[in-house]
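Quick notes on the structure that follows.
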Amino acid sequence: MQPVLVVVFACMLATVSATSDPYHNVQPELPFMFSPADNATFLGGISEQENTTKYWRELSVGVLQEKLTITKKKGVAKNLILFLGDGMSLATLAAARIYLGQLKKEAGENTFLSFEKFPYTGLAKTYCADSQVADSACSATAYLTGVKGNIYTVGVTASVGLRDWRNMKNESYHTTSILKWAQDAGKGTGIISTSRITDASPAATYAHSAYRLWQTDLDIKNDTDYRATNATGVKDIASQLMENSPGTGFKVILGGGRDAFLPNTEKHDPSMTGSRGDGKNLIQTWKKSKENMKKSASYITNRDQLLGLDVNKTDYVLGLFQPGNMDYHKLSNKAQQPTLAEMTELAIKMLQKEAKGFVLFVEGGRIDVAHHENKAHLALDETVELHKAVERAVSMTDEEETLIV
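Going letter by letter, the sequence shown gives residues -18 to -1, 1 to 387 in mature numbering (1 follows the signal peptide of the UniProt record, and there is no 0).
In structure tokens, the structure reads:
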């Protein structure tokens, strides 16, 4: 009965309030606002020009004229860079642009993130074949392969259900990512993520899995769900990256998740071992494969190595900068961990050597994680880091031959 009493009480209060104020429904009480004096000192306050009609008229005309001068490029792009802000909702964008402006000691609302200045904007509906609310796995499968799958599945059609390891092994149910198409066309390819490089979004570029969390052999072996019982002959996501096409063809792999590539009997820093139970050292597998190809390959684990890499003497680069997800930018050791913009710059320099062009996937993956953890400040900071990475990419490429999405 208590919920009913609460509702009735709330309705009574609303009735009293509405009766005492005839304009209650059309003129609600305004939230706290700064006084003019406060505005003068708050992050620079309102500029003098914003007080004039002329400023707003000229601003509007300027934007309109800029849009009218845009000409559609009807040619075929030589290069493609696909940026993804995982968890970056419209509300996150609004808050992040304000945050960016405030970092510059401005009010913030009139600030633009780098990609908000792009000439075209689009929205897409997101859902899985079997779920109204999408996750990163089925949505990545959709935008990277053009096929919708079931929730928590990666790189497979809806014929493969969650943990359906039997159908997962049926290659006719595997989808093909745009990076595989690029390789088939002779283009260079690369992936970047501030999450684990085996996480759902980057995994959809190369893997086919009935469960996004089957990132190592032990993830499959220790899965107690009845659907995973007796799963045999199933290759984990990390193994697929290092042993199968198109992962073996990636010229650039940068992100977190080092422990998924190393055995749990081997330490990869003074205090941590890998997380594999099959004894595989997939980093050595990667090195050996490039050696067999007679290619120059560099494995790097920190910022100094990334900044010091000679791209003209390197054919392939593998950078795994943390055992798990990369640290939040704001909380990271800036001397040890590269930024998303720095990783993007290295990748572009590596791939610009490709005569037939390249396709690069870049994920700001920690926006989503920060939201899950209710760490709004970190989510906004991660969004600003994505803004910087896009800005860096724009400055390094020619829009006549490079499409940035």
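Idealized CB from N, CA, C, for every residue including glycine.
Predicted model, so just to flag it, every value in this text is computed and none were measured.
- Counting only runs that start and end inside the stretch 29 to 89, the alpha helix (DSSP H) elements of at least 4 residues fall at 35 to 50 and 72 to 85.
- Rounded to the nearest angstrom, the Cβ distance from Leu333 to Gly229 is 16 Å, too far for a contact under 8 Å.
- Taking C-beta separations shorter than 8 Å and ignoring five residues to either side along the sequence, the partners of Leu244 in its chain run His250, Thr255, Gly256, Ser257, Arg258, Asn263, Leu264 and Ile265, following chain order.
- Rounded to whole angstroms, the separation of the alpha carbons of Tyr298 and Ser253 is 28 Å.
- Remark: fewer than three beta-carbon pairs, one from each stretch, lie closer than 8 Å, so the stretch 320 to 333 and the stretch 147 to 161 are not flagged as touching.
- The C-beta distance from Gly69 to Asp350 rounds to 3 Å, short enough to fall under 8 Å.
- Within its own chain, the residues whose Cβ lies closer than 7 Å to the Cβ of Asn246, once the five positions on either side in sequence are excluded, are Thr255, Gly256, Ser257, Arg258 and Gly259, listed in chain order.
- Taking C-beta atoms as the reference points, Gly131 and Val142 count as a pair closer than 9 Å.
- The Cβ-Cβ distance between Lys151 and Gly231 does not fall below 9 Å.
- Residue nearest to Thr108 within the set Ala371, Pro184, Leu368 and Ser118 is Ser118 (criterion: CA-CA distance).
- A distance below 7 Å between beta-carbons, with the five flanking residues on each side excluded, links Gly67 to the following residues of its chain, in chain order: Gly346, Ile349, Thr365 and Leu368.
- For Val299, the three-state secondary structure derived from DSSP is strand.
- Looking at the backbone, the Cα of Ile63 and that of Lys335 are separated by about 15 Å.
- The alpha-carbon separation between Gln31 and Arg39 amounts to approximately 11 Å.
- Annotated three-state conformation of Met254 is strand, per DSSP.
- Sequence-distant Cβ neighbours of Asn284 in its own chain, meaning closer than 6 Å and more than five residues away, are Gln318.
- For Thr214, there is no enclosing beta strand (DSSP E), since its DSSP letter is neither H nor E.
- Between Leu302 and Gly238, the gap from beta carbon to beta carbon is short of 9 Å.
- For the 9 Å CB-CB criterion, Ile219 and Trp147 do not form a contact.
- In terms of Cα proximity to Ala106, the closest of Glu88, Leu72, Lys86 and Phe94 is Leu72.
- Its chain contains Asp218, Ser221, Arg258, Gly259, Asp260 and Lys262 as the residues whose beta carbon lies nearer than 8 Å to that of Asp199, once the 5 sequence neighbours on both sides are disregarded; these appear in chain order.
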